[in-house]
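Line by line, the protein sequences give chains A and B.
In this note's numbering, each residue carries its 1-based index in the first sequence increased by 10.
In this note's numbering, each residue carries its 1-based index in the second sequence increased by 221.
Where is the CB? At the ideal position from N, CA and C, for every residue including glycine.
First the structure, in the form of structure tokens, and then the observations on it.
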Amino acid sequence: MKPANDKWGFRAEGSEQINLDKADSSLYRRLLNREPGFAVCLFCGSCRATCTSGNEGMNFRLAHLLLQRGETARLKSLTDPCLLCGKCTLVCPRNVNIRAVVYNLKIMLHEPF
Amino acid sequence: MYQHNQYQKGKPQQVAVVGAGVAGLSAALTLKKQGIGVVVFEKGETPGGHLQQWHALFPDREPAAGVLNQLKQEASEQKISLRTQTEVAAVTPSGNKFRIETSQGEQNEFDAVLLATGFQLFDAARKEEYGYGIYQRVITSAGLEQRLGHGGTGLTVNGRPPHRVAFVHCVGSRDEKVGNHYCSKVCCVTGVKQAITVKERYPQCEVLNFYMDLRMFGTGYEELYREAQEKWGVMFIRGRVSEASQMHDGTIQLKAEDTLMGRPVRATVDWLVLLVGMEPEKRAQQWARSLGLQTGQAGFFSSPEKFLHPSLTAVNGIFTAGACTGPASIPESVNQGRAAALSVLEFLAEKDEAGK
């Protein structure tokens, strides 16, 4: 049997909408547990601007935002390029130990859930 | 209402105002008009505080000189006793009075003391990554005011108008790396005001403002922001500049993340303007310690009754007003000065009553 939403010959391929009612922020909470300091992030983008791997897709600001919203699919590609050099930590105006946050996030992303 | 004549029955009570900036002068004028003896101590050569360095005031770009001159003229009409180039070295409680010792070693007693010691601008050289003091074309918002003011050198580069100017918001504010976690609140609108002035002066120049948040809290500020977008085409980029470097031709290249685009951004500019924040005056903090006054987390004076009596301190008879209590605009400093004067009058009236 055809799915109901196919009966007009086209289908809606998911939604762009972030549904906070269904968002799963458990990974975010687990990471906060390990490295609580990053909750104060301003999303100013200094970390990305100064990042050694910033042009290779490393983006802590966006990774943090996606984590908060429970969107985990892109996290690996946004943090894999990180070399753990720590420049981001030097420029962060809220003094977040970004290097440690990314380090812990990398471990968690590679751990079996 | 106060019957101010009561103070004139005997010798008028004497109040020392420390700082002849906007708040101090406003307080002194209010007290003097109520028949109180006032001496204003000012460490600088002339009264007016930071207002003297400013070319135009937000939000309507009124010339700062007009406001300054009016204030100075009123002070001279009221014959305010102004002691310039006189730094207050110590304030010591002495019986029911306060002894003020100046840097010249002179000592005098006062019935009350009003601290209007103001602020100091953040030293932009501390943010080494922006290159202030290293690169010639990295300047501060205060430096830009001077360049745009009468007799200022403007922003001409090798005889041509600037092609592009960038402003960096939150320099020395909201930055824990320099120990200033707080928002200086007036720099946002200053950045918008200065961006417009640059466009007015150099219509072909592109102006970029790099910000984290734009806090247009005051009356007329949001309208100014709108005008900057609509009439002047100022480009606002949501991202904090992480570093600047000087190119071989003297231009400045800056790096940021355009956080709304989600991509790193780089731009070369003729001038980089750092919107420097406000810090508590160091001397004021020393007093705070020696007198047992309270300061908030950021180091500015704070009142034990900050909602209803914001100009009080932990010491009965010592009052505060203006930017020494936290970042403040000029109208706010004027209001605080006048309000503190009223608190001083209440204190003096009680003291007068108790002395009878």
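Residues near residue i in its chain [Cβ-Cβ closer than 8 angstroms; skip 5 each side]
i: Glu500(B); result: Phe340, Gln341, Leu342, Phe343, Gly393, Asn401 and Gly520
i: Thr374(B); result: Arg368
i: Arg71(A); result: Cys51, Phe53, Cys54, Gly55, Cys57 and Arg58
i: Gly64(A); result: Arg58
Whole-Å CB distance - residue i paired with residue j, under 8 angstroms assumed
i: Leu336(B); j: Ile539(B); result: 7 angstroms
i: Leu365(B); j: Val494(B); result: 5 angstroms
i: Leu481(B); j: Val419(B); result: Actually they do not touch by this definition, with Cβ atoms about 23 angstroms apart.
i: Gly441(B); j: Pro280(B); result: 4 angstroms
i: Thr313(B); j: Glu263(B); result: With a Cβ gap of about 20 angstroms, Thr313(B) and Glu263(B) do not count as contacting.
Delimiting residues of the beta strand (DSSP E) encompassing residue i
i: Gly258(B); result: Gly258 to Phe262
i: Met456(B); result: Met456 to Arg459
i: Tyr351(B); result: Unbroken run through Tyr351(B): none, as it is neither H nor E.
i: Leu475(B); result: Ile473 to Asp479
i: Ala311(B); result: Val309 to Ser315
i: Asn329(B); result: Gln328 to Phe331
i: Lys318(B); result: Lys318 to Thr323
i: Ser302(B); result: Ser302 to Arg304
i: Arg447(B); result: Unbroken run through Arg447(B) is the alpha helix (DSSP H), Tyr442 to Glu451; no beta strand (DSSP E).
i: Met118(A); result: Run containing Met118(A): none in the beta strand (DSSP E); it sits in the alpha helix (DSSP H), Ile108 to His120.
i: Leu495(B); result: Trp492 to Val497
i: Val359(B); result: Val359 to Thr361
i: Asn430(B); result: Glu427 to Tyr432
i: Val238(B); result: Gln235 to Val239
Neighbourhood of residue i by C-beta, 6 angstroms cutoff - its chain only, sequence neighbours within 5 removed
i: Gln227(B); result: In this predicted model, Gln227(B) has a pLDDT of only 48, less than 50, meaning its place in the structure is not dependable enough to derive any value.
i: Met468(B); result: Gln474
i: Met222(B); result: Residue confidence for Met222(B) is low, a pLDDT of 39 falling below 50, so the modelled location carries little weight; the figure read from the coordinates is stated next. Hits under 6 angstroms: none found.
i: Leu289(B); result: Gly269 and Leu272
i: Tyr403(B); result: Ala519
i: Met68(A); result: Cys61, Pro91 and Cys92
i: Phe48(A); result: Val106 and Val111
Cutoff 7 angstroms; reference residue i; Cβ partners in own chain excluding five residues on either side
i: Ala310(B); result: Glu322, Thr323 and Ser324
i: Arg559(B); result: Ser247, Ala248 and Thr251
Interface residues of chain B facing residue i [CB-CB closer than 7 angstroms]
i: Arg104(A); result: Glu397
i: Phe48(A); result: Near Phe48(A) there are no residues of chain B at all, since even the closest Cβ is about 13 angstroms away, more than 7 angstroms.
i: Leu52(A); result: Met433
i: Ser63(A); result: Neighbours of Ser63(A) on chain B: none; closest Cβ ~11 angstroms, over 7 angstroms.
Partners in chain A for residue i, counting only beta-carbon separations shorter than 7 angstroms
i: Glu464(B); result: Thr60
Chain B contact residues for residue i, given Cβ-Cβ distances below 9 angstroms
i: Leu93(A); result: Those do not exist, as Leu93(A) stays about 16 angstroms from chain B at its closest Cβ, beyond 9 angstroms.
i: Ser35(A); result: Neighbours of Ser35(A) on chain B: none; closest Cβ ~21 angstroms, over 9 angstroms.
i: Gly96(A); result: Ordered by position in chain B, no residue passes the 9 angstroms Cβ test against Gly96(A), which lies about 14 angstroms from the chain.
i: Ser25(A); result: Simply none; closest approach about 20 angstroms.
For residue i, the first and last residue of its enclosing alpha helix (DSSP H)
i: Phe217(B); result: With chain B covering only 222 through 577, there is no way to say anything about residue 217(B).
i: Val101(A); result: Lys97 to Val101
i: Ser36(A); result: Ser36 to Arg44
i: Leu77(A); result: Phe70 to Gln78
i: Ala416(B); result: Cys408 to Arg422
i: Val243(B); result: Val243 to Lys254
i: Leu342(B); result: It is not in any alpha helix (DSSP H) - Leu342(B) instead sits in the beta strand (DSSP E) that spans Phe340 to Leu342.
Residues that residue i contacts on chain B, provided the C-beta gap is smaller than 8 angstroms
i: Val101(A); result: Glu350, Lys398, Ser463 and Glu464
i: Gly19(A); result: Here the premise fails: no neighbours, minimum Cβ distance about 35 angstroms.
i: Ser87(A); result: The premise fails here: Ser87(A) is roughly 13 angstroms from chain B at the closest Cβ pair, so nothing lies under 8 angstroms.
Proximal residues of chain A, C-beta to C-beta of residue i below 9 angstroms
i: Gly393(B); result: The contacting residues do not exist; Gly393(B) stays about 10 angstroms from chain A at best.
i: Gly412(B); result: What Gly412(B) touches in chain A: nothing, since even the nearest Cβ is about 15 angstroms away.
i: Gly547(B); result: Under the 9 angstroms cutoff, chain A gives no residues; its nearest Cβ is about 19 angstroms from Gly547(B).
Contacts that residue i makes with chain A (C-beta to C-beta distance below 8 angstroms)
i: Gly520(B); result: None at all; the shortest Cβ gap to chain A is about 18 angstroms.
Item to check | Members of the stretch 469-497 of chain B near chain A, C-beta cut-off 7 angstroms | outcome: Taking 7 angstroms as the Cβ-Cβ cut-off against chain A, the residues of the stretch 469-497 of chain B that qualify are Lys476, Ala477, Glu478, Thr480, Gly483 and Pro485.
Next on the checklist: Using a Cβ-Cβ cutoff of 7 angstroms, what residues of the stretch 422-444 of chain B are near chain A? List them in chain order.
Outcome noted: Met433
Checklist entry - Using Cβ-Cβ distances below 8 angstroms, what residues of the stretch 336-361 of chain B are close to chain A? => result Glu350
Next on the checklist: So if I threshold CB-CB distances at 9 angstroms, which residues from the stretch 65-84 of chain A count as touching chain B?
Outcome noted: Asn65, Asn69, Arg71 and Leu72
Next on the checklist: Against chain A, which members of the stretch 554-577 of chain B pass a CB distance test of less than 8 angstroms?
Outcome noted: none
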